[in-house]
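Novice: In full-length UniProt numbering, the protein residues as written are 3 to 348. Where a beta carbon is used, it is the ideal one built from N, C-alpha and C, also for glycine. Provided herewith is a single structure, encoded as structure tokens, for subsequent inquiry.
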Amino acid sequence: SSNIRLAVIPGDGIGTEVVAEGLKVLNAVGVKAETSEYDLGARRYHASGETLPDAVLDELRGYDAILLGAVGDPSVPPGVLERDLLLRLRFELDHYVNLRPVKLFPGVATPLGEAGPEDIDMVVVREGTEGPYAGAGGVLRRGTPHEIATQESLNTAYGVERVVRYAFEKALSRPRRKLTLVHKTNVLTYAGDLWARTVDRLSLEFPEVETDYCHVDAASMFFVTQPARFDVIVTDNLFGDILTDLGAAVAGGIGLAASGNVNPARTAPSMFEPVHGSAPDIAGQGKADPTATILSVAMLLDHLGLTEAAGRVEQAVADDLLERQTAWTPRTTREIGDDIAARVAG
Ligand code: NAD
Ligand code: IPM
Ligand code: MN
Numbered sequence: 003s004s005n006i007r008l009a010v011i012p013g014d015g016i017g018t019e020v021v022a023e024g025l026k027v028l029n030a031v032g033v034k035a036e037t038s039e040y041d042l043g044a045r046r047y048h049a050s051g052e053t054l055p056d057a058v059l060d061e062l063r064g065y066d067a068i069l070l071g072a073v074g075d076p077s078v079p080p081g082v083l084e085r086d087l088l089l090r091l092r093f094e095l096d097h098y099v100n101l102r103p104v105k106l107f108p109g110v111a112t113p114l115g116e117a118g119p120e121d122i123d124m125v126v127v128r129e130g131t132e133g134p135y136a137g138a139g140g141v142l143r144r145g146t147p148h149e150i151a152t153q154e155s156l157n158t159a160y161g162v163e164r165v166v167r168y169a170f171e172k173a174l175s176r177p178r179r180k181l182t183l184v185h186k187t188n189v190l191t192y193a194g195d196l197w198a199r200t201v202d203r204l205s206l207e208f209p210e211v212e213t214d215y216c217h218v219d220a221a222s223m224f225f226v227t228q229p230a231r232f233d234v235i236v237t238d239n240l241f242g243d244i245l246t247d248l249g250a251a252v253a254g255g256i257g258l259a260a261s262g263n264v265n266p267a268r269t270a271p272s273m274f275e276p277v278h279g280s281a282p283d284i285a286g287q288g289k290a291d292p293t294a295t296i297l298s299v300a301m302l303l304d305h306l307g308l309t310e311a312a313g314r315v316e317q318a319v320a321d322d323l324l325e326r327q328t329a330w331t332p333r334t335t336r337e338i339g340d341d342i343a344a345r346v347a348g
């Protein structure tokens, strides 16, 4: 009965293929959604030189949420679409929480062998608007043997506090109530100190939450050897990027990993997207797994308070994943979307 206004940015490569399936499932779940598609990405860039026109950005601010496929194309220099479109959206819409669940569904194979769903169930709260992604730095004597390139990490007390607070609240809402800060405080001493002090200070407000610390290199090892160590992780933008591809791999593959770029203050719409990219190697072949996008639709519904619909989408995915184990016949992107949509519709 609720009517949501949704902006859709299919983007590049498999982005368009997986978003079509996400919308199919959204339609099947019976939520009344008014969707408007935005042509942003490589095609637009080649046609007009535009990445994200200001007028489009302003229009996007008016939606309840955004669904994005992926951006990036081999025909466009690296960074153009990533920085000027995707990261600009995250920054302008103040998506300071990049929420990335790492959860092994029953029946899904993990490269970790022994591990089961009870061992791999965490949420990575990746900071989304600062760190090395802020774009600070520069280059001197470019193209000479004396070239010097710097790329700085920006960390503000304000930015760190708000994402750490969100992570504490998330930890409080989960049965284990454990929060691990992942950083590299032994080398990145200025930024690491700010993050560590912020966690220590806020922990006084959340006495029920157990806190822990792990250097990012060791955390990478523990993702593979002892994933059950982790419940909620809070981390820097870049560490979170890397860890969540690793997390996707241990939880059954990049085709299953969902994410939300969340603005918890709701001053602008949040944006939901699969963790994966535009996968030029398989684009246009119907080989992409749309499950990550469908689970991102579930996160979107949950964010909008449509909890029941979100639960039904997640359950349909869980059922589909369970069946993949036994009745494995490779399906196309569309077939997977059809099957999950049929389950959702009941
Ligand atoms: P990628 O995630 O696109 O692909 C990595 C590998 O995973 C590829 O082999 C690909 O075929 C496979 N893969 C990805 N998604 C899949 C799916 N749904 N089903 C099955 N297999 C899947 O990462 P990449 O190759 O490093 O980057 C390609 C482009 O995407 C680059 O331009 C990059 O900047 C961009 N990118 C965009 C986003 C985003 O829009 N959020 C995220 C990551 C990368
Ligand atoms: C992701 C991607 C992006 C990131 C790129 C494409 C800018 O890798 O969403 O994980 O680094 O955040
Ligand atoms: Mn990434």
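Along the beta strand (DSSP E) that carries residue 224, what are the first and last residues, could you check?
Specialist: Where residue 224 is concerned, there is no enclosing beta strand (DSSP E), although the alpha helix (DSSP H) it sits in stretches over 218-227.
Novice: With a threshold of 7 Å, establish whether the CB of residue 340 neighbours any heavy atom of the ligand MN.
Specialist: no
Novice: What would DSSP say about residue 83, mapped onto helix, strand or coil?
Specialist: DSSP places residue 83 in helix when its eight states are reduced to three.
Novice: On the criterion of 16 or more Cβ atoms from any shown chain inside 10 Å, does residue 185 qualify as buried, or is it exposed?
Specialist: It counts as buried.
Novice: Can you pull the DSSP bridge partners for residue 215?
Specialist: 183
Novice: Of the residues 27, 175, 23, 248, which one's Cα is nearest the Cα of residue 114?
Specialist: 248
Novice: Contact between the region 74-88 and the region 4-21 is defined here as three or more beta-carbon pairs at a separation below 8 Å; is this criterion met?
Specialist: yes
Novice: When we look at the beta-carbon of residue 144 and count the other beta-carbons within 10 Å, is it buried (16 or more) or exposed?
Specialist: exposed
Novice: Is it the case that the region 296-303 contacts the region 255-269, given that we only count it when at least three CB pairs across the two stretches are under 8 Å?
Specialist: Taking one beta carbon from each stretch, the region 255-269 and the region 296-303 have 3 or more pairs nearer than 8 Å; the two touch.
Novice: Sort 133, 151, 132, 135 by Cα distance to residue 141 and report the nearest one.
Specialist: 151
Novice: Taking a cut-off of 5 Å, which residues have a beta-carbon closer than that to any heavy atom of the ligand IPM, in chain order?
Specialist: 84, 243
Novice: For residue 122, which three-state DSSP category applies?
Specialist: coil
Novice: Name the one or two DSSP bridge partners that residue 104 has.
Specialist: 124
Novice: From the DSSP secondary-structure annotation, give me the bridge partner or partners of residue 274.
Specialist: 69, 262
Novice: I believe residue 98 touches residue 165 by the beta-carbon criterion, under 8 Å. Please report the beta-carbon distance rounded to the nearest angstrom.
Specialist: 6 Å
Novice: Could you check how far apart the C-beta atoms of residue 139 and residue 163 are, in whole angstroms? I think they sit under 8 Å.
Specialist: In fact, because the Cβ distance is near 24 Å, the residues do not count as touching under 8 Å.
Novice: Does the beta-carbon distance from residue 246 to residue 319 come in below 8 Å?
Specialist: no
Novice: Can you determine whether any heavy atom of the ligand NAD sits closer than 7 Å to the C-beta of residue 276, and answer yes or no?
Specialist: yes
Novice: If the criterion is Cβ atoms closer than 8 Å, does the pair residue 169 and residue 187 meet it?
Specialist: No; because the gap between Cβ atoms is not below 8 Å, this pair is not in contact.
Novice: Less than 7 Å separating the Cβ of residue 75 from some heavy atom of the ligand MN?
Specialist: no
Novice: Measuring straight from C-alpha to C-alpha, what distance separates residue 327 and residue 110?
Specialist: 7 Å
Novice: Closest to residue 256 by CA distance: which of 171, 33, 297, 9 is it?
Specialist: 297
Novice: Tell me whether the beta-carbon of residue 66 lies closer than 8 Å to the beta-carbon of residue 8.
Specialist: By the CB criterion at 8 Å, residue 66 and residue 8 fall inside the cutoff.
Novice: Could you tell me whether the Cβ atoms of residue 68 and residue 11 are closer together than 8 Å?
Specialist: yes
Novice: Per the contact definition of three or more C-beta pairs closer than 8 Å, is the region 223-243 in contact with the region 28-48?
Specialist: At 8 Å Cβ cutoff, the stretches do not touch.
Novice: Compute the beta-carbon to beta-carbon distance between residue 353 and residue 157, rounded to the nearest angstrom, for a pair I have assumed lies under 8 Å.
Specialist: Since the first residue of the chain shown is 3 and the last is 348, residue 353 is not available in this structure.
Novice: Jot down the residue ranges of each uninterrupted alpha helix (DSSP H) in the region 136-217, minimum 4 residues, whole runs only, in chain order.
Specialist: 159-174, 191-205
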